[in-house]
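Take the working numbering: the final residue in the sequence shown is number 216, and no numbers are missing along the way. C-beta atoms are modelled at their ideal positions from N, C-alpha and C, and glycine is treated no differently. The structure appears below as structure tokens.
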Amino acid sequence: MTNDKTKEWVLDNIIHKAKFDILNSDNQDEHRLQNYITDNSFIITVQLRNYGGYHNIIEGQRRVERAFGRYHASTLRPQCLKTGKVTRRNKKLQPMAFTAFDIEGSRENGFHINSLYPHAHGAILFHERTLGNFQDNNRRFLTPEGGYKITNPTADISLIDFKPVHSLCDLDQFLGYSLKLERHLRDNRTNYAPFNFYPASSIDFPFWSRFGDQL
């Protein structure tokens, strides 16, 4: 699987999820697909808290995976629901997020096996019925550009930067940027969790069983 193929797979899943939401809504007009994505999506950067020590690249991937997984399940998901309570009935409305592992120096391909600043880039698609709840809960973090810079959302994460998506091309380009390290993580030593979707497949998130693409 090449980097470009991975990017296509991620973008296709986001597009299919938007279609899934539209077809299960009161307004099933698929012509609003692009607007649905631009209105309800953000590109994101996740920065972990720096405790002053270096992390082996495998442990860095584990830290990113655990930290964002906890944030998505315990903080983000309740913020998207009007009651703040997660149940079997409303889990289907939780946002779908994608993150790709990254470390300092990867832009210039000069990174080392140990990292002081493991982090992640990716994208998130909110269900149109829940975005307003997320915005209300994070209003104090609103930026002039219409994004959200959320500081210290959990004990493990120091910042999550949400930036608006202005077009599918915008999203496609950032996903390519997000996956720039993935092509270098091919052996067992480094290829632990270079990218991930949240939430994982489950009966409470029916999109995966009905429409999700497999890599």
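Query	Result
Contact between the stretch 19 to 29 and the stretch 45 to 58: three or more CB pairs below 8 Å?	no
If you draw a straight line from the C-alpha of residue 35 to the C-alpha of residue 169, how long is it?	7 Å
Would the C-beta of residue 50 count as close to the ligand NAP, meaning under 6 Å from any of its heavy atoms?	As presented, the structure is devoid of all ligands, the ligand NAP included, so that no description of it is given.
Taking 7 Å as the cut-off, decide whether the C-beta atoms of residue 102 and residue 195 are in contact.	yes
Name the two residues that bound the continuous alpha helix (DSSP H) containing residue 62.	58 to 71
Which of helix, strand or coil does DSSP assign to residue 168?	coil
Mind checking who residue 150 pairs with in its DSSP beta bridge?	162
Please check the pair residue 104 and residue 151, which I expect to be a contact at CB under 8 Å, by giving their CB distance rounded to whole angstroms.	Between residue 151 and residue 104 the Cβ distance is about 22 Å, and since that is not below 8 Å, they are no contact.
Which residues bound the alpha helix (DSSP H) around residue 46?	It is not in any alpha helix (DSSP H) - residue 46 instead sits in the beta strand (DSSP E) that spans 42 to 49.
Could you tell me if residue 55 is buried or exposed, where buried requires 16 or more neighbouring beta carbons within 10 angstroms of its beta carbon?	exposed
Less than 7 Å between the C-beta atoms of residue 19 and residue 158, yes or no?	no
Would you kindly check if the distance between the Cβ of residue 99 and the Cβ of residue 123 is under 7 Å?	yes
For residue 205, I'd like the list of residues in its chain whose CB is within less than 7 Å of its CB, leaving aside the five on either flank, ordered along the chain.	89, 92 and 93
Do you know offhand how far residue 87's Cα is from residue 180's?	31 Å
Since residue 103 is in the alpha helix (DSSP H), which residue starts that stretch and which ends it?	Element bounds for residue 103: not the alpha helix (DSSP H) but the beta strand (DSSP E), 97 to 103.
Taking the alpha-carbon positions, what's the residue 83 to residue 189 distance?	43 Å
Measure the alpha-carbon distance for residue 198 versus residue 23 and round it to whole angstroms.	20 Å
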